[in-house]
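Residue numbers (our numbering), protein chains in the order written: chain Z, -3 to 340; chain C, 13 to 814.
For each residue, glycine too, the CB sits at the ideal point set by N, CA and C.
Note that the coordinates shown come from a computational prediction; the quantities given were computed from them, not determined experimentally.
Here is the structure we will look at, set down as structure tokens.
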């Protein structure tokens, strides 16, 4: 039946045209429905093949099947094209500017002194020390006398002291966190291994001195503690804090509550030891004071200096923070300017 | 203390160069903080003589000079007018780099070549300013380095002496220190002189009535002396060391103070009434004029030097105006004494008067050195002044001077230091120190310590000598035996504080650190709003400024002024926190201090937000920080209740937070009057947590509750309440209605005409979820009725039906 073949050819042309002109997925589905869907014209012809004369069945069937296959594949290609177009269009509309800030405040900042204090405490806690705190308002006994600063001793001039009004007299703002040594040893028997962080006060104020600042004091007492142990521990600490290659030196000094006493210097972090304004041309920066606990101090807390030995060390946290960050004026640390704090 | 290197060399012919001496002393514990070459910048500056001087042909203000250095003649253009032909001057040759940084180059000035520069004192940094060029003494030979001509080929060591080493506060002391480092010998200058005068006993009589306070008193007398300036070299040394030259008598006492560390005093013998000196502490207070011209009240018990009638000096601290050496003085008594250190310190503190003399006596002056100092003074003085020395000397208490013997075990040094110190090595160090050693057997020694070493009394002091003179470099680095650290309550506190800091950091807050003080003026102006009775404040007796008058009773003032400072710098969104102590007094506990955490917030709720919702922060933003922080830290329930007890907050916008019935925090909107005081415009919100209290008892880890297996049912109720009904209480009661109510929250809240003035509408959503079944409709209805009943009857609510 030549009419059927022509009909198929026409339907194929019309179908291809409808697919090609489809602008959207629904246009396309519409075209599919009309031509080769279950109820489409090509499908109808295929259903009718059985009723055709035997000799035509094969030819018409083949032709119709081929036409449907062609339409299906054109449909798939067009569908992919339309979807792709759609996706590109909607992407343009819904794309997110990922560079805009997230919806929550940005994290705040740690104060460099507090951060340095945390780091110092963390280092010593890893090295086996536990934290002990004490009061800021101290008695003369704990701040001076039991630390072997007798009344009328010139060593008291080393620390300009704030006094506190009190009925009982003799209250001071602690000038160092060393009183915690005494309070701890009064309370416990060796072995002792503590670090004492806190605020301390000196009646002094200029570019490198602040009336309040922070200190960490350390104390270890045991049967066989030596100055070599102290030197080893502090060398390790300096390397943890200032970098593993930092040269250090240990030299004799004086503190009333330790003997022998020492100061530890690190090579100047600014000039690398060649001499500059910060290290006063010496190439070295003093970082901390230390020494073996003076037997007189053991006497005050009832430890037998023949049985026990101990070491103590202390450092100013502001100084370390200033060296770490290259800050030259200590007052900047207490202004709490957010532009400053945001840098840490 | 400043010490010229050349002066040290007079006492020890050391092989150490100035910078080696600096290093060696520092590493032995006598810190030399600087070592400065005094002739710095004087290279290529020489003495010269002006041969000829004529005006510059093309410039009125300039002169052309021909100067010679003895071998070469230089043509110099000079702008100064104060010189003439024949003057000796300082010539900076081409290539010189002057102390003020100027480099001298060959130059043509207005067409005339200048082959150097004639220097002024100012250019050489010898003076702050100078009128013209420097004119040298007439007899100056040309061609010598200027540094030599001026005695500046020398180094000035600046030595920092620790309070235990009073013996090093002199040239002699530092020389001894070098000797104990190098093993070189200290040589004392010869002090022989003829005693041509009458016996001293005919001139002056000395009594020491308080020998405890004055163990030794030595005196020499001279007559026939003329008061005059000291020689240049002595004046230069005194000036270098920071002491102003006065006259030959006063200068010699100061010179000896610097040289041997013995403070001396010179009395005008003719002004000592009765020719007497009596060293005694008065039993009654009195007034006395010291030589600085101030009239001072002297307390009983203060050691004085008296003459036949009354006080003439405060012993060891300062002389009196009535006996000091004056221009017409011809007869002088030199005092060279030893006073007890604590007595001098008490006196100096009471009088608020610290002198070079009291500074040394406080730290200990060698009682064995009084005679040498007196003799050295007289001997040196007689080299440049005409005088007659009285025969003999007075020396009261010479028998009181005895060296100490201190026990020592070499094994002890090894045990303390963690490094072996063989006995021979210890012996060698004591020999360098000049400490004789007696071996008493069984590893025990008796070491004799000379009287100038006040710091050595115990074995440990000798251990330190051995250790420091062997060098701390030789101490090995070992580690203390490892032990598991204890976990103390303070370890826990430090950890909790770190968690709080991290939490706040995550919420966008930066950390502030303020002083623990409140200014006195701040308190006066705002005390009424600070919520603390001034009588309970901890006060500083000796503040250094108004800012250090009181200890802060809370952290508010610091953070408030930080907020104001930042806003003033155009940072409007302030989020700061501070961890620190608050201080107070109570009758029960006495002084107390408490760990706190303060948080301040102003500006936008979400700084930097771009979505158009840039709402200002309000009360609930602060609550949304403080309450979750507490929950984060203590993991136990807290209750927020309104408070009227905190005057720094706006009324009706303040709350306390309770934990187990105890106030552990408060927060609210800062009161308007305070904002005005700090020039802050917008609302500012503040919260403060009693950190230690809030986290005192660790909550045990909570027990697990099984999870429901059946779906929940949600019910919403909209209800109108009188405005004052606290929604938090309503929700709490709703949760108690039945065990099936597992959550109750607010989804909506508003006021307005529609619901009547004085009312608020609250939308409450409840979640019902029994563990073991699905609720039936009648069960849901019954719970809902109970809730409605509660809202209406307990809180006076009216259910809204939309």
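Practice item. Could you list which residues in chain C have their beta carbon closer than 7 Å to that of residue 199 of chain Z, in chain order? Key: One-based indexing of the first chain puts residue 199 of chain Z at position 203. Residues of chain C passing the Cβ test: 554, 556.
**Study point:** Own chain, CB closer than 8 Å to residue -3 of chain Z, minus 5 neighbours either side, in chain order
**Key:** As a first step, residue -3 of chain Z must be located in the first chain, where it is residue number 1. Caution applies to residue -3 of chain Z, whose pLDDT of 48 falls short of 50 and renders its modelled position unreliable; the value that the coordinates give is listed next. Excluding residues within five positions, the ones whose Cβ falls inside 8 Å are 48, 49, 52, 56.
Practice item. Give, in chain order, every unbroken run of the alpha helix (DSSP H) that is at least 4 residues long and sits entirely within the region 464 to 497 of chain C. Key: 471 to 482
Point to revise | Residue closest to residue 94 of chain C, alpha-carbon to alpha-carbon, out of C:796, C:186, C:130 | key: Within the second chain, residue 94 of chain C is the residue found at index 82, counting from 1. With distances taken between Cα atoms, residue 94 of chain C lies closest to C:130.
Check your understanding: Name the chain Z residues that come within less than 7 Å of residue 491 of chain C, Cβ to Cβ?
Key -> For the purposes of this step, residue 491 of chain C is taken as residue 479 along the second chain, with counting starting at 1. Ordered by position in chain Z, the residues that pass the 7 Å Cβ test against residue 491 of chain C are 225, 228, 229.
Practice item. Give the DSSP-derived three-state secondary structure of residue 793 of chain C in the structure shown. Key: The residue labelled residue 793 of chain C in the question sits at position 781 within the second chain. Three-state result, residue 793 of chain C: helix.
Review point. Are residue 186 of chain Z and residue 220 of chain Z close, meaning C-beta to C-beta below 8 Å?
Key: Locating residue 186 of chain Z in the first chain gives position 190, where the first residue counts as 1. Locating residue 220 of chain Z in the first chain gives position 224, where the first residue counts as 1. No, the pair does not count as a contact, with Cβ atoms beyond the cut-off.
Check your understanding: Tell me which same chain residues have a C-beta within less than 7 Å of the C-beta of residue 140 of chain Z, skipping the five on either side of it?
Key -> By one-based count along the first chain, residue 140 of chain Z stands at place 144. Hits under 7 Å: 152.
Exercise for review: Per DSSP, which residues does residue 90 of chain C bridge with? Please list them.
Suggested key: Mapped onto the second chain, residue 90 of chain C falls at position 78. DSSP output for residue 90 of chain C lists C:75 as bridge partner(s).
Point to revise | Which of helix, strand or coil DSSP assigns to residue 260 of chain Z | key: Locating residue 260 of chain Z in the first chain gives position 264, where the first residue counts as 1. Correct three-state label for residue 260 of chain Z: strand.
Check your understanding: Are the beta-carbon atoms belonging to residue 70 of chain C and residue 122 of chain C less than 8 Å from one another?
Key -> Numbered from 1 along the second chain, position 58 holds the residue referred to as residue 70 of chain C. Numbered from 1 along the second chain, position 110 holds the residue referred to as residue 122 of chain C. Cβ atoms of residue 70 of chain C and residue 122 of chain C: closer than 8 Å.
Practice item. Determine, using beta-carbon pairs with one atom in the region 88 to 107 of chain Z and one in the region 151 to 166 of chain Z, whether at least three such pairs fall under 8 Å. Key: no
Point to revise | Cα-Cα separation between residue 65 of chain C and residue 106 of chain C, rounded to whole angstroms | key: The residue labelled residue 65 of chain C in the question sits at position 53 within the second chain. The residue labelled residue 106 of chain C in the question sits at position 94 within the second chain. Computed Cα separation, rounded: 20 Å.
Point to revise | Closest Cα partner of residue 558 of chain C within the set C:545, C:588, C:536 | key: Sequence index remark: in the second chain, residue 558 of chain C carries index 546 (1-based). It is C:536.
Review point. Quick one: does residue 38 of chain Z have its CB under 8 Å from some CB of chain C?
Key: Your numbering for residue 38 of chain Z matches position 42 in the first chain. No, no contact with chain C.
Check your understanding: In the DSSP assignment, what are the bridge partners of residue 232 of chain C?
Key -> Sequence index remark: in the second chain, residue 232 of chain C carries index 220 (1-based). Residue 232 of chain C is bridged to C:346.
Check your understanding: Looking at chain Z, which residues of the region 520 to 540 of chain C have a Cβ within less than 9 Å of any of its Cβ atoms?
Key -> 520, 521, 522, 523, 524, 525, 526, 527, 528, 529
Review point. Candidates Z:189, Z:323, Z:314, Z:232: which alpha carbon is nearest residue 111 of chain Z's?
Key: Your numbering for residue 111 of chain Z matches position 115 in the first chain. For the residues Z:189, Z:323, Z:314, Z:232, the minimum Cα distance to residue 111 of chain Z belongs to Z:314.
**Study point:** As assigned by DSSP and simplified to three states, the class of residue 92 of chain Z
**Key:** One-based indexing of the first chain puts residue 92 of chain Z at position 96. Correct three-state label for residue 92 of chain Z: coil.
**Study point:** Nearest to residue 781 of chain C (by Cα), restricted to the options C:724, C:683, C:158, C:358
**Key:** Taking the first residue of the second chain as 1, we reach residue 781 of chain C at position 769. Closest by alpha carbon: C:724.
Review point. Should residue 184 of chain Z be labelled buried (16 or more other beta-carbon atoms within 10 Å of its own) or exposed?
Key: The residue you call residue 184 of chain Z lines up with position 188 of the first chain. Exposed is the call here.
Review point. Is residue 129 of chain Z helix, strand or coil by DSSP?
Key: One-based indexing of the first chain puts residue 129 of chain Z at position 133. Coil at residue 129 of chain Z, not helix or strand.
Point to revise | With 16 other Cβ atoms within 10 Å as the buried cut-off, status of residue 499 of chain C | key: In the second chain, the residue the question calls residue 499 of chain C occupies position 487. Burial call: exposed.
Point to revise | Range covered by the beta strand (DSSP E) that runs through residue 607 of chain C | key: Counting from one through the second chain, the residue named residue 607 of chain C turns up at place 595. Here the beta strand (DSSP E) through residue 607 of chain C covers 602 to 614.
Review point. Mind pulling the chain Z residues with CB within less than 8 Å of residue 622 of chain C?
Key: Within the second chain, numbered from 1, the residue matching residue 622 of chain C stands at position 610. In chain order: 96, 97.
Review point. Among residues of its own chain, excluding the 5 on either side of residue 420 of chain C, which ones have a beta-carbon nearer than 6 Å to its beta-carbon?
Key: As a first step, residue 420 of chain C must be located in the second chain, where it is residue number 408. Closer than 6 Å at Cβ, skipping near neighbours: 457, 459, 471, 474.
Check your understanding: How is the beta strand (DSSP E) around residue 195 of chain Z delimited, first residue to last?
Key -> Sequence index remark: in the first chain, residue 195 of chain Z carries index 199 (1-based). Where residue 195 of chain Z is concerned, the enclosing beta strand (DSSP E) stretches over 188 to 197.
Check your understanding: For residue 124 of chain C, which three-state DSSP category applies?
Key -> Against the second chain, residue 124 of chain C aligns to sequence position 112. Correct three-state label for residue 124 of chain C: strand.
Practice item. For the region 330 to 339 of chain Z and the region 175 to 185 of chain C, state whether three or more C-beta atom pairs, one from each stretch, are separated by less than 8 Å. Key: no
Check your understanding: Under a three-way DSSP split, which group does residue 104 of chain C fall into?
Key -> Here residue 104 of chain C refers to the residue found at position 92 of the second chain. Reduced to three states, the DSSP call for residue 104 of chain C is strand.
Exercise for review: Report back the beta-carbon spacing between residue 115 of chain Z and residue 237 of chain Z to the nearest angstrom; my notes put them in contact at under 8 Å.
Suggested key: Looking up residue 115 of chain Z in the first chain gives position 119. Looking up residue 237 of chain Z in the first chain gives position 241. About 7 Å; that satisfies the 8 Å criterion.
Point to revise | CB contact below 8 Å: residue 603 of chain C versus chain Z | key: Against the second chain, residue 603 of chain C aligns to sequence position 591. Yes, contact with chain Z.
**Study point:** Endpoints, beta strand (DSSP E) assigned at residue 279 of chain C
**Key:** Position 267 of the second chain holds residue 279 of chain C. Its beta strand (DSSP E) spans residues 276 to 280.
Review point. Okay, do the region 337 to 345 of chain C and the region 276 to 283 of chain C touch, 3+ Cβ pairs below 8 Å being the bar?
Key: yes
Point to revise | Complete runs of the beta strand (DSSP E) confined to the region 745 to 769 of chain C [at least 3 residues] | key: 753 to 762
Check your understanding: What are the complete beta strand (DSSP E) segments, minimum 3 residues, inside the region 238 to 322 of chain Z?
Key -> 244 to 251, 254 to 263, 280 to 289, 305 to 312
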